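Residue numbers (the working numbering): 12 to 159. Glycine included, every Cβ here is placed at the ideal spot set by N, Cα and C. Computed from a predicted structure; not experimentally measured.
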């Protein structure tokens, strides 16, 4: 499995999510302006407040994705790592881990890859380790087979 393929797939997913959230924000914004033109009263004010809260929530989600995209853009997906660090693709027995952002499970080339933040508990356990090192995590031992 190529690290650059994993990196690109993750980037593409984030870009898609960013576009979807922006489209939802735009729809909510249009709804808010339409609500402003409709009836007056308490119901109207509650409706506008709910739309505003949804806008703020979507704005925070967009901001998080933008931060994740910025972090991904700083990772050189062609660099070979000798020790596990940010940007490493790690193969441990039957599992793949990509040290980048905490995205969770990603499917690439019929393989499951867990995208981990290096500050996550498993990330901390693997960080700085080399090929053939044995790592214990939550009572389970695993051997690092390869690092890309």
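Here residue 111 really is in contact with residue 83; their C-beta atoms are around 6 Å apart, less than 8 Å.
Look at residue 119 here: in three-state DSSP terms it is strand. In this structure, DSSP gives residue 124 an extended state, which the three-state scheme calls strand.
A distance of 7 Å or more separates the beta carbons of residue 25 and residue 100.
Residues of the same chain with a CB within less than 7 Å of the CB of residue 89, apart from the 5 flanking positions on each side, are 15 in chain order. Setting aside the 5 residues that flank it on each side, residue 151 has no residue in the same chain whose C-beta is closer than 6 Å to its C-beta. Within the DSSP secondary-structure output, residue 90 pairs in no beta bridge.
In this structure residue 94 touches residue 141 by the C-beta definition: roughly 5 Å separates them, less than 8 Å. Under DSSP, residue 110 forms a beta bridge with 127.
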